[in-house]
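With the sequence shown counted from 1, adding 649 to any position gets you our numbering.
Working notes, beginning with the structure itself.
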Amino acid sequence: MDIKEEIVLQILSHLPTKGAIEASLVCPEWRNYWKKIPVVDFRHWQGDPSLPDERDHPVADSFENFVDILLQTRDKGSLKIFYLGRTLSLCQEKIKTWIATVTGDDFRVEELIIDAFFKRKPIVLPDSIFRPRSSLTRLELRMNTVIDLCKPVNFDKIKILRLSRVKFSGDMRVRKWQELVCPALEELTMCCFRVEEMSALSIKAASLKRLVISGIGRESGVPTFDPNDFYDYDSDDDDVDVDSDDDHIHFGLPTSRDIESGLSNVVLNIYAPNLEYFRFTEEFPADFELDNGESVEAAEIGCFNRGKEKWVRGSYKLLNGLQNVKHLVLNYDTLEAISVSEYGLELPMFHKLNHVEVAERFNCELHRSLFRLIELAPGLSSLVFARAFIPLKDDKVKDFYPWKALTAPKSVFGHLRFVEFREFSRDPAVLKMIESLLRDANNLERMTIYPSYEESMEEHILNLPRASKSCVINFPFCSFVPDDLTSSGPSS
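Here you go:
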């Protein structure tokens, strides 16, 4: 391959496959280049918008025939990446055939990403994905499928593994636990997954740096799952043939059954001595062990409440395993769990923790849990409220003085340097929280409050006494920003 051809192929590989083929056919000199493009990308292929998914068969049939011809006629050894999006209603068996083809000996792709949701019958993956000679280094499956751990599963080369709506199955008659070894794995995402017919699942990944276990239909960053990605299992459509081999992709809103974890009776063990990021937003399993959690520097913890004692003990156990964390994101359920004292559980000191974020709407009635965490983090410098506060009832507002929950508020707030309210509201509880922080955080450098809609309220906040003479209060996107107040507010 000469340099000119290599450059053209590199450019074409950044286009959706349909556009790349059209561009290749325009120039006679490039006429056969499309056969050598290392990327086949069907994530943006559009069907007929006038046809509902269930009736899109003519367009789907045409697309399926096109992919068949493409895979049969192209240069097999040059294909490295195969992407298939969910823009058409496709035959389940056809997708299975494509997966077997591109992961077989002829193609040996390195990256495989399939985004497809079927009716109730899950797809059984071809054995070519799991063979020892597999060339896959990245595997993303966002579809209703099964990985049978009773069969040999080899993920020796995979570095990125992202699974959504995948069921791990075993056989209790053979062994009660299963082990998945991934020596090269650096990133693992398991969203809405299930474990069946086994009592324990162990995942060993010595190189793992990023771990996401989520029971909700979304992810931050790796990748984002839209609520419309989920099939409505509660459909009353009696015409659905769940045993049909011609199952087609169907979309619906997530249901309570859709986000069930399927982990209730499973012990989950993760061996990842080099883990740096850990996100757990899921029902706590029967038990969970994260070996060597001391390496984790950033974490998001959100343990679903599916039974009080299990939920509370699970939340405490997760936090106790993250004593060296530096960046911690908590949701509503976790803050509520650590407010429960009846089980005699204790949290550790978080000596390295410097940033705490409340990810969901903050319930002011749980302020003691938050302040308790602040007390246990002597190095905490940054506090973020990502969402608006849940308003207090009128009869509770007058008695809400958040600083009363602390024995020595000035010493606790004293190490805070940055505070951020990302969804400011005029709720009295929010204003009292702001007032107490400004008054007692004597090292506060900046408080950011946005969006802010009432100039009169902004002026009121800017005139509140501040323990820190150098504290700056920012109102992004606000037209009312008096320089004399934001640069140095009134001192207490």
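For each residue, glycine too, the CB sits at the ideal point set by N, CA and C.
Apart from sequence neighbours up to five positions away, the residues of its chain that approach Ala-1090 with a beta-carbon distance below 7 Å are Phe-1062, Gly-1063, Leu-1065, Ala-1116, Ser-1117, ordered along the chain.
Assigned with DSSP and collapsed to three states, Lys-816 falls in strand. Assignment of Arg-859 by DSSP, reduced to helix, strand and coil, places it in the strand class. Ranked by Cα distance from Phe-731, the first of Phe-712, Glu-742, Phe-756 is Phe-756. Going by C-alpha positions, Lys-957 is about 29 Å away from Ser-944. Note on Ala-986: 16 or more other CB atoms within 10 angstroms of its CB, so buried under the neighbour-count rule. Within the model, the alpha-carbon separation for Val-1033 versus Met-821 is close to 46 Å. Ranking Arg-962, Lys-816, Glu-932, Leu-788 by CA distance to the CA of Glu-995 puts Arg-962 first. Looking at the DSSP output, Met-792 sits in no beta bridge, so it has no partner there.
For the set Lys-667, Glu-713, Gln-659, Glu-654, the Cα lying nearest the Cα of Glu-678 is the one of Glu-654. For Lys-853, the uninterrupted beta strand (DSSP E) segment begins and ends at 849-853. In the DSSP annotation of this structure, the continuous segment of the alpha helix (DSSP H) that includes Asp-1089 starts and ends at 1077-1089.
Straight across, the Cα-Cα distance linking Gly-942 with Gln-827 is about 22 Å. Collapsing the DSSP output to three states places Ala-948 in a strand.
Here Ser-1031 is bridged, per DSSP, to His-1004, Phe-1067. For Phe-1020, no beta strand (DSSP E) run applies; the uninterrupted alpha helix (DSSP H) run containing it begins and ends at 1016-1024, by DSSP. Judged by DSSP secondary structure, Arg-843 falls outside any alpha helix (DSSP H) and instead within the beta strand (DSSP E) spanning 843-845. Taking a cut-off of 8 Å for Cβ pairs, the segment 682-689 and the segment 706-714 do not touch, as fewer than three such pairs fall below it. Less than 9 Å divides the Cβ of Arg-1071 from the Cβ of Arg-1036. Of Leu-785, Thr-786, Ile-950, Val-916, the smallest CA-CA separation from Gly-970 is found for Ile-950.
Burial of Cys-831 is indicated by the presence of at least 16 other C-beta atoms within 10 angstroms of its C-beta. In chain order, Pro-771, Ile-772, Val-773, Leu-774, Arg-814, Val-815, Lys-816 place their CB closer than 8 Å to the CB of Thr-794, counting only its own chain and leaving out the 5 sequence neighbours on each side. Rounded to the nearest angstrom, the gap between the Cα atoms of Lys-806 and Gln-972 is 32 Å. For Asn-969, no beta strand (DSSP E) run applies; the uninterrupted alpha helix (DSSP H) run containing it begins and ends at 957-969, by DSSP.
With a cutoff of 9 Å on beta-carbon distance, Leu-939 and Leu-977 are scored as not near each other.
Looking at Gly-1028, Val-1007, Glu-1006, Pro-1114, the one whose alpha-carbon comes closest to that of Met-998 is Gly-1028.
Comparing C-alpha distances from Gly-734 to each of Leu-1022, Phe-691, Ile-809 shows the shortest one belongs to Phe-691.
In the DSSP assignment, Asp-936 is bridged to Val-916. DSSP, reduced to helix, strand and coil, places Asp-755 outside both helices and strands of the structure shown, so it counts as coil. Per the C-alpha coordinates, the member of Lys-808, Gly-819, Arg-782 positioned closest to Cys-799 is Gly-819.
Across the structure, Asp-982 and Arg-782 are spaced so that their CA atoms are roughly 44 Å apart.
DSSP links Gln-659 through a beta bridge to no other residue. Contact between Leu-860 and Ile-919 holds: their C-beta atoms lie close to 7 Å from each other, under 8 Å. Taking the Cα positions, Val-974 is about 33 Å away from Met-792. Here the C-alpha atom of Phe-1124 lies approximately 14 Å from the C-alpha atom of Asn-1112. For Glu-985, the enclosing alpha helix (DSSP H) stretches over residues 981-986.
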